[in-house]
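Working notes for the structure below.
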Amino acid sequence: MIAAHTLQNAKAEITCASCPTPVQLHQEKLKLGIRADPTEELATLKNIRVEFKELGVTDQDTEMDGDREAGISAEGAPQFHQDASLDGVSTQEGAPGSSEESRRNNDKGEMAEDSALRRAKRSGHEFAEFGENGWTGGAGVDAGSPDERGSMLDAHKQGRSEFRWNRDEGRGNTRQDEPKLTSSTFALTGDSAHNHAVVYWSGQNSSVILILTKLYDFHIGSVTESTLWRSTDYGSTYERMNDKVGSKTVLSYLYVCPSNKRKIMVLTDPEFESSVLISTDEGASYQKYRLNFYVLSLLFHPTEEDWALAYSHDQKLYSSVDFGRKWQLIHEHVTPNRFYWSVTGLDREPDLVHMEAHTPDGNVQYVTCRAQMCTEANRNYPFPGYIDISSLVVQDDYIFIQVPTSGRATYYVSYKREPFIQIKLPKYSLPKDLHIVSTDEKQVFAAVQEWNQNDTYNLYLSDTRGIYFTLAMENVKTTRGIGGNQMLDLYEVAGIKGMLIANKRHDNQVKTYITYNKGRDWRLLQAPASDLEGNDIHCILPFCSLHLQLQMSENPYLSGTISTKNSAPGIIVATGNIGAELSYNNVGMFISSDAGNTWRPIFEEEHNIWFLDKGGALVAVKQPSVPTRHLWVSFDEGRQWTQHSFSSVPLFVDGVLVEAGAENQIMTFFGHFSHRSEWQLIKIDYKSIFSRKCTEEDYQTWHLHNQGEPCVMGQKQIYMKRRPGNYCMLGKDYSRILSAESCICRAHDFECDYGYERGSDGNCKPAFWFNPSTVSRSCSQGQNYFNSTGYRKVVLNNCTKGVKELYTPRKQQCPNRPPKGLLLTTKDGKLTAGLGSNVTFMVHLDEGDSLRTNIQLDFGDGTAVSYSNLSWTEEGIKHVYKSAGIFRVTAFAENTLGYDTTTLYLHVTCPVEHVQLLAPFVVIRNKEVNITAVVLPSHSRTVTYFWWLGNNTEPVITLDGSISHTFQSEGMHTITVQVAASNTILQDTKTIAVKEFFKSLLLSFSPNLDEFNPDIPEWRQDVGRVIKKVAEFPEEQLLVAVFPGVPTAAELFLLPYKNQSEGKKKSEEALERVWVSLGEIHEDALNQNLVEFELKPGVRVIVYNTQLTLAPLVDSSPRHSSSAMLMLLSVVFLGLAVFLIYKFKRSISHKIQRKRAVNGLICGFSASDLIC
């Protein structure tokens, strides 16, 4: 069913009524009104947090059946609709992904969004928090301030507020006082300090009620005390169960099996221990079992009572087939609340699990496997490719996913487990967000936020297969709730198929509309003719109408702003206002007894209203902000109300449990008398308000109609109701529908088909973007297809004959036509692939005979494939690229009538393993120099280079591994290159000296040095430092660069003074004299083998002069070749570096003076050190 649906903020995911909704509450919000210190005296009323749960309501159980509606269960226990108010802090405790789950994470101080998700379909809902400002999660409900409540309580104690409480209750209007109802009160003694209570009642004629109260300490962030209470007499008395579970055991959450509500699981608080307590006798006794993981949420199997799934805090999914005694790991890295049990009648294996799981590389896949056999070999992947996170929805006959695409959202659906097909929304809807509203009436109801919408959604209805969607209503209002969620103002009236109420925004006004044919036609609500006092109300359509609040209560045991019931068709009770637009001021309570055709006011103030006795009677209680001891009952559909007392002391009502379908007529009120009082549970037996059981004379017939039109959804429906005012009790075999007769089909039984829009004349015409002559490619020559007339019958409409044949699609022969609209994509939607990976190409054809169209695919690497028809390509075309690069992939479709072609460019990449920057060590200012980045393994056009040269803050980006640059100033300049390929980025940095001029000398070494050369930068730096050190030459003017590779070689640079700009010629002449002087001693040093150093003990390395350059020598090659170095060694081996002789052999005294003279010649120069 549909209710006030909560939508997530627009993002790349699919939400639904049974999907998780983010609840982002900070701990201080949860603290609101909760006493951190139980002994603290407060001037206001007792601040509490209450949850009420129907015993056995878990995960999939809250999906509404035929006799459930928002606010009351099939048996009459208040029930929160599966689609209702997924927003805020209130969903049923322990529900997977519920806001209670969020609180569990908040209790731990963990506010991760994943752990704050919930799935309403998995469980019922809990109370909102009752704090300093009233109900913190209430949708449009102001519970009043504690000060007001406290002052009223004080006035009562002083005997001054009785009239105030009864001011409205004692009014005239034929309301007559009745004797008190039979009631009994029980106080949960000893739990006054507990600030959290959860109530469970199984319903279904069970007499057992369970209550779990807890003390949550916000200082330490955990539950410190708990008490489990159990009643076996419908709440007359309660027994403390702590001794049955362990006196020192601290309980946190309780779950009930939906298929056998005698079976219960209770979880302990993980701060003390991680255990599960199991009961098979409706909570009378328990067995404890240790767990090795922390349960975040549970999901029971819908039919197998011993099967359950458990989701852990570390995103692991476990299964149990013995009701929690033993657990087996199913899968790791599962998305929170995106796991589902099999659907009966659709999945072959009853233990099949659907889940959304993450791959090691961060992608997301749709995975299925059996609960106890989920090895990698046994896993299946129904959708080919990756999906978006939090997009998997498994609901009724449908499975929905969203695929990752750039820019636009793309959605796919599988109907009855058939292959996935892309969902077709109107071409230019361009959705930002999609929310699955319902799927339970053989079609999909979806809310779509389109590209130009911010706080409204458009409603769409699909065909039976969930593929083609047509617009039902534009701009449905949303309300921003707690945690930033949006609640959709849409409500489905229980008991009448196709009847919806929605609030629509138009021209900055919000108005309430109603439809009787599933959105085909909408109209405003007619306001009541008179008010409570009988005065006429002058409200003329369309300028004035009745507007209703459609928010569901955050507390499942308060009725919310609108209520209907399957067992009471046609009765609608709602909060609203009369005027030009919806308002939240000056509101009252209104009722309709004829399915929204006419309305009457019933209260001037907001009340909670429940259905008693299968909807034959109504009970009303004031909002919980006001203490009361009375309730009101109506037997004539709200025309007259009688007052009944249920307590001698006014009670702040926190919730009401109603079991109208049982043999015993019992209500249970939960609340408190004051902030110091214990929890109060008041059991009310309302059997005494009925005089007898109903007989045949007590019933009358009622004809469903729409403003006098008797045919609704293609049939005339006649219902049987109790005559208003009869104080009799309906029998167990009470039947609601007396008869349903099909009507003759008329235009309003048909809606516009996909691609068509309704014109001003009411006829459906093709949209400007739609070509009605388009024929599916699956339509082959000789076959037939159904050609749309622009109309399709409203789903579940039961009309016959009439215009049915005129509007029904016509059978026609498939024409032979040329291929058109050829589309080529990869399976995962990406234009990149890893080297050696399996790339799957998908070929799609919009038009053409797929069985008679030849398909050719050229992979761009010299290989191609050909298929005789398109059907052979449905699973995709696989190919493995053996080299990296950018490949032009071309698809070609051809038949006897024509051809079509399309192309994509695929980037095949492999990770970069190594990058080395090659650049000269010293360069001349204002002279262009080449810089190269060597990448391993080598790539072709798939690597991006980012260059930072000198002081540039922005990089130069190239696709080539080489770049030329001219340095404008002298000094030391840093060059950095980053190389990006695939998902890796590597970097290398070099520093070069920029000078006006320089001299260099190539050095070689004795072969024994190569044995110790590991060819790493650090080793080369150390060897260079040794050479400089032993040279005893001014280091600021000496630069030694050891080259990579073997044989080991180096270059020695003699540099001028830093930033030398004047006297350049003189400096050059000075350097020349130095080199001449050094050359004079070459021969002596060579003859004496005086240039050597000790690498390690016993290993002496001789240094040789390979080449003495004239001015200047600039290394323009990217790297010194080892073979070239050997050639230089053989040619100029005699050119020994004589100037080093003096530094090694100080005994050569006749050379000392010459060395000093050389130093004197170059003492005016300076240079920085650079070692490669």
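In my numbering, the protein residues as written are 371 to 1542. Glycine residues also receive a C-beta, built at the ideal position from the N, C-alpha and C atoms.
Query	Result
Of the residues Arg1311, Phe1337, Ile1355, the one placed nearest Val1347, counting alpha carbons only	Ile1355
Residue burial classification, Glu924 (beta-carbon count within 10 angstroms, cutoff 16)	buried
Cutoff 7 Å; reference Phe1043; Cβ partners in own chain excluding five residues on either side	Val1019, Leu1021, Gln1050
Bridge partners - Ser667, DSSP secondary structure assignment	Tyr681
Which listed residue (Thr1233, Lys686, Arg632) has its alpha carbon closest to that of Glu675	Arg632
Inter-residue Cα distance where the pair is Glu1324 and Phe1316	9 Å
Among Arg1222, Phe1211, Trp1242, Ser1241, the one whose alpha carbon lies nearest that of Asp1228	Phe1211
Separation of His1014 from Tyr1097, as counted between CA atoms	15 Å
Val1340 - DSSP class collapsed to helix/strand/coil	The amino acid at residue 1340 is misidentified as Val; the sequence shows Glu. Glu1340 falls in the coil class under three-state DSSP.
Residues near Gly1268 in its chain [Cβ-Cβ closer than 6 Å; skip 5 each side]	Pro1188
Range covered by the beta strand (DSSP E) that runs through Asn612	Element bounds for Asn612: not the beta strand (DSSP E) but the alpha helix (DSSP H), 612-615.
Rounded straight-line distance, which links the Cα of Ile1345 to that of Gly1320	6 Å
Nearest to Lys874 (by Cα), restricted to the options Ile866, Gln919, Asp906, Asn887	Gln919
For Gly1394, the three-state DSSP class (helix, strand or coil)	helix
DSSP state of Lys1057 mapped onto helix, strand, coil	helix
Beta-carbon proximity list for Leu1274, same chain, < 6 Å, skipping 5 on both sides	Leu1194, Val1259
First through last residue of the alpha helix (DSSP H) which encompasses Leu1176	1174-1177
Phe709, buried or exposed, once every other Cβ within 10 Å from all chains shown has been counted against 16	buried
Segment limits, beta strand (DSSP E) that includes Asp587	579-587
Extent of the continuous beta strand (DSSP E) to which Ala1420 belongs	1419-1424
Residue ranges of each beta strand (DSSP E) within the segment 809-857, 3 or longer	815-819, 826-832, 839-850
Cβ contact check for the segment 931-943 and the segment 903-916: 3 or more pairs under 8 Å	no
As assigned by DSSP and simplified to three states, the class of Ser1238	coil
Exposed unless 16 or more other CB atoms sit within 10 angstroms - verdict on Glu788	exposed
N- and C-terminal bounds of the beta strand (DSSP E) containing Ser1374	1369-1375
DSSP beta-bridge partners of Val636	Leu624, Leu647
Three-way DSSP call (helix, strand, coil) for Gly985 in this model	helix
Alpha carbon of Glu1048 to alpha carbon of Thr583, nearest angstrom	11 Å
Residues bridged to Leu804 [DSSP beta-bridge criterion]	Ile384, Val818
Rounded C-alpha distance that separates Val1165 from Asp1119	9 Å
Nearest neighbour of Lys614, chosen from Asp639, Asp603, Leu647 [CA to CA]	Leu647
Own chain, CB closer than 6 Å to Ala990, minus 5 neighbours either side, in chain order	His977, Ile979, Trp1002
Between the CA atoms of Asp1219 and Asn1265 - distance to the nearest angstrom	8 Å
Residue range of the beta strand (DSSP E) that includes Ala1411	1408-1412
Cα-Cα separation, Glu862 to Gly836	20 Å
For Thr673 and Ser629, the rounded distance between their alpha carbons	6 Å
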